[in-house]
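Asker: Read in order, the letters of the sequence shown are residues 1 to 304 in UniProt numbering. Virtual Cβ for every residue (Gly too), placed ideally from N, Cα, C. Computed from a predicted structure; not experimentally measured.
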Amino acid sequence: MTRSATNIAASDGKKAERRLGLLLIAPAAILMLAVTAYPICYAVWLSLQKYSFASPQDRKFVWFDNYITVLTDRYWWSALVVTLAITVISVVIELVLGLTLALVMHRTIFGKGIVRTAVLIPYGIVTVAASYSWYYAWTPGTGYLANLLPSGSAPLTQQLPSLAVVILAEVWKTTPFMALLLLAGLALVPDDLLKAAQVDGANGWSRLIRVTIPIMKPAILVALLFRTLDAFRIFDNIYVLTGGSNNTGSVSILGYDNLFKAFNVGLGSAISVLIFLCVAVIAFIFIKGFGASAPTADDEGARR
Numbered sequence: 001m002t003r004s005a006t007n008i009a010a011s012d013g014k015k016a017e018r019r020l021g022l023l024l025i026a027p028a029a030i031l032m033l034a035v036t037a038y039p040i041c042y043a044v045w046l047s048l049q050k051y052s053f054a055s056p057q058d059r060k061f062v063w064f065d066n067y068i069t070v071l072t073d074r075y076w077w078s079a080l081v082v083t084l085a086i087t088v089i090s091v092v093i094e095l096v097l098g099l100t101l102a103l104v105m106h107r108t109i110f111g112k113g114i115v116r117t118a119v120l121i122p123y124g125i126v127t128v129a130a131s132y133s134w135y136y137a138w139t140p141g142t143g144y145l146a147n148l149l150p151s152g153s154a155p156l157t158q159q160l161p162s163l164a165v166v167i168l169a170e171v172w173k174t175t176p177f178m179a180l181l182l183l184a185g186l187a188l189v190p191d192d193l194l195k196a197a198q199v200d201g202a203n204g205w206s207r208l209i210r211v212t213i214p215i216m217k218p219a220i221l222v223a224l225l226f227r228t229l230d231a232f233r234i235f236d237n238i239y240v241l242t243g244g245s246n247n248t249g250s251v252s253i254l255g256y257d258n259l260f261k262a263f264n265v266g267l268g269s270a271i272s273v274l275i276f277l278c279v280a281v282i283a284f285i286f287i288k289g290f291g292a293s294a295p296t297a298d299d300e301g302a303r304r
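1) By Cβ distance below 8 Å, which residues in the same chain neighbour residue 121 in space, the five residues on each side in sequence not counted?
2) So, is residue 192 buried or exposed, given that buried needs 16 or more other C-beta atoms within 10 angstroms?
3) Mind checking which residues open and close the alpha helix (DSSP H) that includes residue 112?
4) Do you know how far the Cα of residue 156 is from the Cα of residue 139?
5) Note the first and the last residue of the continuous alpha helix (DSSP H) segment covering residue 57.
6) Excluding the 5 residues preceding and the 5 following residue 75 in the sequence, name in chain order all residues of the same chain whose CB lies nearer than 7 Å to its CB.
7) With residue 75 as the anchor, note down where its alpha helix (DSSP H) starts and where it stops.
8) With distances taken between CB atoms, is the gap from residue 305 to residue 189 smaller than 7 Å?
9) Can you find a heavy atom of the ligand NAD that lies under 6 Å from the Cβ of residue 69?
10) Considering residue 71, what are the terminal residues of the alpha helix (DSSP H) in which it resides?
11) At what residues does the alpha helix (DSSP H) containing residue 47 begin and finish?
12) Are there 16 or more other CB atoms within 10 angstroms of the CB of residue 118, so buried, or fewer, so exposed?
13) Among 97, 205, 79 and 198, whose alpha-carbon lies nearest the alpha-carbon of residue 243?
14) Tell me, please, which residues DSSP counts as bridged to residue 50.
15) In whole angstroms, what is the alpha-carbon distance linking residue 270 and residue 65?
16) Can you grab the Cα-Cα spacing for the pair residue 142 / residue 163, in whole Å?
17) With distances taken from CA atoms, which of 150, 68 and 160 is nearest residue 85?
18) Report all residues from its chain with a CB closer than 8 Å to the CB of residue 298; omit the five preceding and five following residues, and keep chain order.
19) Can you check DSSP and say which residues form a bridge with residue 264?
20) For the alpha helix (DSSP H) that residue 206 lies in, which residues bound it at each end?
21) Since residue 246 is in the alpha helix (DSSP H), which residue starts that stretch and which ends it?
22) Thinking residue 174 and residue 123 are a contact (beta carbons under 8 Å), I'd like their distance in whole angstroms, please.
23) Can you tell me whether residue 240 is buried or exposed? The criterion is at least 16 other CB atoms within 10 Å of its CB, across all chains shown.
24) Would you mind sorting residue 257 into buried or exposed? The rule is 16 or more other CB atoms within 10 Å of its CB.
25) Given 8 Å as the limit, is there contact between the region 43-60 and the region 283-290, that is, 3 or more CB pairs closer than that?
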């Protein structure tokens, strides 16, 4: 068989694989479109209207006026800054703690099942229940953590202490999830490669930085993607701990206040669409990074 014939056969094989892949994902893709596309399109349609449950008779199209109102309002930008601060700080802390826990669970010889179960317990607790436990723990007079503070301290009544408590609750709840994803990434690191690096004189820190983390990069990016998207949409912890008072409200809290408290469907929908766009941008950035760093099937075939 000539080289050109071989290339044609390989090209036909790749096309057949792509067709099979599209056929296999088609049912899930159709279901996702049915479940997500309609709500998103409906939210966009509502966001272009002046529509309030308080005065439904005044409903009319205002096109992008709701977006202009939101984007020129200081409350949106304040909520966005708070959301980004919580997202960045909590995800960075979770990455460090999650990697540490993953390394411990990966290297544990005895009682692996017990260790992993104990680590994952916080993630199994319902977020609202966990939030209320933190709320009562920091309530002066009744909370065991609040009683450790100087007399008169009330951390949930001030912005920075409140945000610190929110971040603490987020980290405690979701670090196990990060650890679980990173633990799966650690399984990709060949022991032979680590042993070879040790023979070459690399210490534990050098092996972690130069061998383990580069190989784990796709798993780390996936873990960061999931947690960043989840943290950006934070609602439960803030709603229970502060209710968005003291300038601690996130963009989700702002959308909730406009939609369900003020009954302003137009503004609430506009905020929801803006949150969706922010999440889409974050996902695009991470997916581009993931796609650039993750090995492809063609790369694996070339190595063989």
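Answerer: So, from the listed chains and residues:
1) By one-based count along the sequence shown, residue 121 stands at place 121. For residue 121, where only same-chain residues beyond five positions count, the Cβ hits under 8 Å are 176.
2) On the sequence shown, residue 192 is found 192 positions in, with the first residue counted as 1. Result: exposed.
3) Looking up residue 112 in the sequence shown gives position 112. Per DSSP, the continuous alpha helix (DSSP H) segment holding residue 112 begins and ends at 112-124.
4) On the sequence shown, position 139 is the one that residue 139 refers to. On the sequence shown, position 156 is the one that residue 156 refers to. Approximately 8 Å, taken between the alpha carbons.
5) Within the sequence shown, numbered from 1, the residue matching residue 57 stands at position 57. Counting along the chain, residue 57 falls outside any alpha helix (DSSP H), and DSSP gives it neither H nor E.
6) As a position in the sequence shown, residue 75 is number 75, starting the count at 1. These residues qualify, in order along the chain: 254.
7) In the sequence shown, counting from the first residue as 1, residue 75 sits at position 75. Annotation: the continuous alpha helix (DSSP H) that includes residue 75 extends over 74-107.
8) Missing from the structure shown is residue 305; the chain here goes from 1 to 304 and no further.
9) In the structure on display, the ligand NAD does not appear, and there are no ligands present to speak of.
10) What you label residue 71 is simply residue 71 of the sequence shown in a count that begins at 1. Segment 65-71, the alpha helix (DSSP H) holding residue 71.
11) In the sequence shown, the residue the question calls residue 47 occupies position 47. Counting along the chain, the alpha helix (DSSP H) containing residue 47 begins and ends at 38-47.
12) Locating residue 118 in the sequence shown gives position 118, where the first residue counts as 1. Counting Cβ neighbours within 10 Å, residue 118 comes out exposed, since fewer than 16 surround it.
13) In the sequence shown, residue 243 corresponds to position 243, counting from 1. Closest option to residue 243, Cα to Cα, is 79.
14) Residue mapping note: residue 50 aligns to position 50 of the sequence shown, counting from 1. Residue 50 is bridged to 60.
15) Taking the sequence shown and counting its residues from 1, the one referred to as residue 270 is at position 270. Taking the sequence shown and counting its residues from 1, the one referred to as residue 65 is at position 65. Cα atoms of residue 270 and residue 65: separation of roughly 10 Å, rounded to the nearest angstrom.
16) Position 142 of the sequence shown, counting from 1, holds the residue named residue 142. Position 163 of the sequence shown, counting from 1, holds the residue named residue 163. When rounded, the distance between both Cα atoms is 20 Å.
17) Here residue 85 is taken as the residue at index 85 of the sequence shown, counted from 1. Nearest in C-alpha terms to residue 85, of all of 150, 68 and 160, is 160.
18) Translated into positions along the sequence shown, residue 298 becomes position 298. Only weak support exists for where residue 298 lies, its pLDDT of 47 falling under 50; the value from the coordinates is given anyway. Contacts found: none.
19) In the sequence shown, the residue the question calls residue 264 occupies position 264. In the DSSP assignment, residue 264 forms a beta bridge with 52.
20) Walking along the sequence shown from the start, residue 206 turns up at place 206. Unbroken alpha helix (DSSP H) run through residue 206: 204-207.
21) If you number the sequence shown from 1, residue 246 lands on position 246. Careful: residue 246 lies outside any alpha helix (DSSP H) and carries neither H nor E.
22) Here residue 174 corresponds to residue number 174 of the sequence shown, with the count starting at 1. Here residue 123 corresponds to residue number 123 of the sequence shown, with the count starting at 1. Sure, about 7 Å apart at Cβ, within 8 Å.
23) As a working note, residue 240 is residue 240 in the sequence shown. Residue 240 should be labelled buried.
24) One-based indexing of the sequence shown puts residue 257 at position 257. Classification for residue 257: buried.
25) Taking a cut-off of 8 Å for Cβ pairs, the region 43-60 and the region 283-290 do not touch, as fewer than three such pairs fall below it.
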